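The structure under discussion appears below in the form of structure tokens.
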Amino acid sequence: MPYLNDSQRYLEIVGLALGIMENDRWVLLDNKDNYSLLFAAYIKMIEKDEDNFFVDSTKKEAIINSLKRTTDFYRYTQPEELIHSIQNLTSNNAADFLLLPLMYPCTNDDVGEDTDSIFLSVHASGALIYKEDDGYKFVMIDKASIFTRNIDATAAYVTIPPENLSTVCRQLLIDRDDILYYVNDDGVFYKKPYEILHFIVKNSVSGKPIKLPIKMNFQPKGNCVVGNIEATLKTALYNCQKNIFALNNKNSVPITWKNTLEMRKQFVTAMVEMKPEIAKCFWYLFNLYSSKKKMNIKKKGLPIDVINTAPIKQIMLGELPEDAYEQAKKKFEETKKRAKKRSSKKNAALSKKDIVVFQNRYL
Numbered sequence: 007m008p009y010l011n012d013s014q015r016y017l018e019i020v021g022l023a024l025g026i027m028e029n030d031r032w033v034l035l036d037n038k039d040n041y042s043l044l045f046a047a048y049i050k051m052i053e054k055d056e057d058n059f060f061v062d063s064t065k066k067e068a069i070i071n072s073l074k075r076t077t078d079f080y081r082y083t084q085p086e087e088l089i090h091s092i093q094n095l096t097s098n099n100a101a102d103f104l105l106l107p108l109m110y111p112c113t114n115d116d117v118g119e120d121t122d123s124i125f126l127s128v129h130a131s132g133a134l135i136y137k138e139d140d141g142y143k144f145v146m147i148d149k150a151s152i153f154t155r156n157i158d159a160t161a162a163y164v165t166i167p168p169e170n171l172s173t174v175c176r177q178l179l180i181d182r183d184d185i186l187y188y189v190n191d192d193g194v195f196y197k198k199p200y201e202i203l204h205f206i207v208k209n210s211v212s213g214k215p216i217k218l219p220i221k222m223n224f225q226p227k228g229n230c231v232v233g234n235i236e237a238t239l240k241t242a243l244y245n246c247q248k249n250i251f252a253l254n255n256k257n258s259v260p261i262t263w264k265n266t267l268e269m270r271k272q273f274v275t276a277m278v279e280m281k282p283e284i285a286k287c288f289w290y291l292f293n294l295y296s297s298k299k300k301m302n303i304k305k306k307g308l309p310i311d312v313i314n315t316a317p318i319k320q321i322m323l324g325e326l327p328e329d330a331y332e333q334a335k336k337k338f339e340e341t342k343k344r345a346k347k348r349s350s351k352k353n354a355a356l357s358k359k360d361i362v363v364f365q366n367r368y369l
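If you're matching positions, the sequence shown starts at 7 in our numbering and goes up one per residue.
Below, the structure written as structure tokens:
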């Protein structure tokens, strides 16, 4: 469903970033506005980083400029603009990159949708582009490992030779605007699953994705439009500290924030500065997330269905009901007791009532 007001846009981005909402409203036409807001918050977080929480202070300016390229991407009208942006990257500089959200059709099985329909769902993952002496490295990040499942990789990369860069850029711009179909003189054609990823790999030197030995927590929820983009940012910042292309392939390295709760707090703080009139709603959502985190519900396999834990409809209108905190606290206590009871039963299967299946409802 569409956003009813500007507050909903901000609040859904925060809810998705915190992992406590599924995607209800975000559609393709929202990409430009929503990703501009998301990256504006990322930039503000890094600008205000005074203790090297995200990155070394000497690299802040370069990283901020890199993140600004993402919002530029949604303003481009010609492929040459994207080509020029990538060609102007500094060679062999981890702080100088282009981060792109990639969206493409995928099969229903890939997103856990139990249906006989042939309709394809849509998935979002992230890409990092670096300039090297011999070409351009395209790093594909997906916490669900859908495209790279056969090599068991959260992250994989290919090298695009300089002569193929323009071809890839043209396709990236086409897929930015039409992720499900394309039109030519012969008619309208629906795209195949993962078509843009296959296209990138096809135009690479190796002809197949190369696994990077890094790992992240699996993403079971329908918040890939934000979750995988944050994972890609996290990878980019990690690469500024340690070269991900030079890691030992025998042992996968976990890429995490120094303190995830603190990172989320700084993200919400940035959004509050951008939309102060609904600050109480932002902090209400953060408190939901914080309570979930402290109870360690994730390890017990009992995710909180936030849609039912609070009057979200009012929250999404930018209004905070007087009894919102009391309702949330009561629901958390009930969930905590249920989690404790089930954890005491060894190998007990979770009931359907306790398991929340978050389908990707991008379209």
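Even for Gly, the Cβ is constructed at its ideal location relative to N, Cα and C. It should be emphasised that the depicted structure is a prediction, and the values quoted were computed from it without experimental measurement.
For residue j and residue i, the rounded distance between their alpha carbons
i	j	result
Lys-54	Val-259	28 Å
Leu-10	Trp-289	21 Å
His-90	Leu-178	14 Å
Leu-24	Ile-157	29 Å
Asp-30	Asn-254	40 Å
Leu-22	Phe-273	12 Å
Thr-173	Phe-292	43 Å
Ala-133	Lys-50	21 Å
Asp-78	Ala-276	20 Å
Lys-281	Tyr-16	8 Å
Asn-209	Thr-165	9 Å
Leu-95	Glu-56	26 Å
Tyr-142	Leu-104	11 Å
Asn-40	Glu-18	10 Å
Ala-159	His-129	16 Å
Cys-175	Lys-300	44 Å
Leu-106	Ser-131	9 Å
Asn-249	Gly-193	46 Å
Per DSSP, cross-strand counterpart(s) of residue i
i	result
Met-109	Ala-130
Lys-217	Ala-162
Ile-147	Gly-132 and Ala-161
Leu-104	Ile-135
Tyr-244	According to DSSP, Tyr-244 bridges with nothing at all.
Tyr-200	None; Tyr-200 has no bridge partner.
Tyr-142	Lys-137 and Ile-166
Burial state of residue i, where buried means 16 or more other Cβ atoms lie within 10 Å
i	result
Arg-75	buried
Val-211	exposed
Phe-144	buried
Pro-168	exposed
Val-278	buried
Asn-234	buried
Leu-267	exposed
Leu-35	exposed
Lys-137	buried
Asp-148	buried
Val-207	buried
Phe-45	buried
Ser-63	exposed
Tyr-196	exposed
Arg-155	exposed
Lys-298	buried
Asp-181	buried
Thr-262	exposed
Cβ-Cβ separation, residue j to residue i (assumed contact under 8 Å), whole Å
i	j	result
Cys-246	Val-20	Actually they do not touch by this definition, with Cβ atoms about 26 Å apart.
Ala-162	Lys-217	5 Å
Ile-69	Ala-101	5 Å
Phe-153	Tyr-187	Rounded, the Cβ-Cβ distance is 20 Å, inconsistent with contact.
Asp-139	Asn-98	7 Å
Leu-88	Tyr-82	5 Å
Ile-185	Pro-111	7 Å
Ala-242	Met-222	That belief does not hold up - the Cβ atoms of Ala-242 and Met-222 are roughly 13 Å apart, past 8 Å.
Cutoff 8 Å: residue i Cβ touching any chain D Cβ
i	result
Gly-213	You won't find chain D in this structure, because it holds only one protein chain.
Kindly provide the ranges of any alpha helix (DSSP H) runs that are 4 or more residues long and lie completely inside the region 164-193, ordered along the chain. With a minimum length of 4 residues, the continuous alpha helix (DSSP H) runs that stay inside the region 164-193 are 171-183.
Considering only residues of the region 258-294, which uninterrupted alpha helix (DSSP H) runs meet the minimum length of 4 residues and lie entirely inside it, listed in chain order? 266-280
In chain order, which alpha helix (DSSP H) runs of at least 4 residues are fully inside the region 40-100? 66-79 and 85-93
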